[in-house]
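Peer 1: Starting off with a structure, shown below.
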């Protein structure tokens with residue numbers, strides 16, 4: 069029984085003894101450019117997976133089990149410029165890097181622009197669909213009226229010299245056609261003139277930023293529209309250069 073216990077003790081101690089015969093300890097202290105302890109600094113021995121953090125309140129760190137040899141030690145922290153130190157680790161010895169001072173550096177950030185669709189407003193009863201400029205450019209449709217006709221509940225009608233847009237089965241005369249919010253509907257026919265539905269005049273698709281299709285019920289803002297509103301919003305100009313649509 070005693071022999072078994074001795075063998076077990078030897079089996080536990082032997083690896084630790086062998087490890088101590090091939091490794092050493094790296095220690096040091098990390099401060100900022102004002103000399104204050106820097107907690108959470110990262111210490112890495114380049115070319116290895118060995119490293120640690122300065123966890124002590126005074127900024128000190130200790131890394132045990134470092135194999136003997138020469139190393140490049142990188143010390144870094146958030147918002148701090150990394151520092152590089154040479155270290156020679158001896159078997160069974162503690163190598164002290166002393167106090168390592170890190171200097172502050174500006175942290176660059178990437179600006180990301182996110183364009184989100186508008187949230188549904190409970191106060192509004194109008195159903196609005198927006199056809200963006202990118203959608204029209206990718207579409208095979210060559211004019212606005214064809215792009216609008218692809219929307220659910222929309223129909224374009226012609227004949228009798230009157231063309232227009234029917235929303236949810238309503239008459240073409242009940243749809244208000246607008247450009248930048250200004251009424252352009254034919255006051256006599258309710259349509260937009262011409263002899264074909266493709267002749268949606270006044271605005272080129274290249275000059276449009278988006279088209280808003282608003283079906284009934286319509287808010288009081290568009291009281292003259294019974295079935296709905298089709299509003300073309302034109303692109304804004306630029307001050308730095310002149311260019312075509």
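Numbering (the working numbering), first residue to last: 69 to 313. We put the beta carbon where it would ideally sit given N, CA and C, even for glycine.
#1: State the Cα-Cα distance for the pair residue 252 and residue 279, rounded to the nearest angstrom.
#2: According to DSSP, which residues form a beta bridge with residue 155?
#3: Going by DSSP, what residue range makes up the alpha helix (DSSP H) through residue 216?
#4: Where do the N-terminal and C-terminal ends of the beta strand (DSSP E) with residue 198 fall, by residue?
#5: Leaving out five residues before and five after residue 99 in sequence, what residues of the same chain have Cβ atoms less than 7 Å from its Cβ?
#6: With H, G and I counted as helix, E and B as strand and the rest as coil, what does DSSP make of residue 121?
#7: On the premise that residue 158 lies in contact with residue 92, defined as a C-beta separation below 8 Å, what is that separation, rounded to the nearest angstrom?
#8: Can you tell which of 233, 212, 110 has its C-alpha closest to the C-alpha of residue 293?
#9: Tell me whether residue 241 sits in a helix, a strand or coil according to DSSP, three-state version.
#10: May I ask which residues mark the beginning and end of the beta strand (DSSP E) holding residue 278?
#11: In the DSSP assignment, find the beta strand (DSSP E) that holds residue 296 and state where it starts and stops.
#12: Measure from the alpha carbon of residue 145 to the alpha carbon of each residue in 132, 112, 138, 90, then state which is nearest.
#13: List the whole-angstrom C-beta distance separating residue 213 from residue 276, where the pair is believed to meet the contact cut-off of C-beta under 8 Å.
#14: Rounding to the nearest angstrom, what Cα-Cα distance links residue 123 and residue 129 in this structure?
#15: Hey, residue 171 and residue 149 are a contact pair by Cβ (cut 8 Å); roughly how many whole angstroms apart?
#16: Among all the DSSP beta bridges, which residues are the ones paired with residue 236?
#17: In the DSSP assignment, what residue or residues form a beta bridge with residue 273?
#18: In terms of alpha-carbon separation, which member of 303, 195, 215 lies closest to residue 203?
Peer 2: Reading from the atomic positions:
#1: 14 Å
#2: 139
#3: 212-217
#4: 195-200
#5: 105, 106, 127, 167, 169
#6: strand
#7: 5 Å
#8: 233
#9: helix
#10: 276-283
#11: 296-302
#12: 112
#13: Actually they do not touch by this definition, with Cβ atoms about 12 Å apart.
#14: 6 Å
#15: 5 Å
#16: In DSSP, residue 236 forms no bridge with anything.
#17: According to DSSP, which records beta bridges pairwise, residue 273 is partnered with nothing at all.
#18: 215
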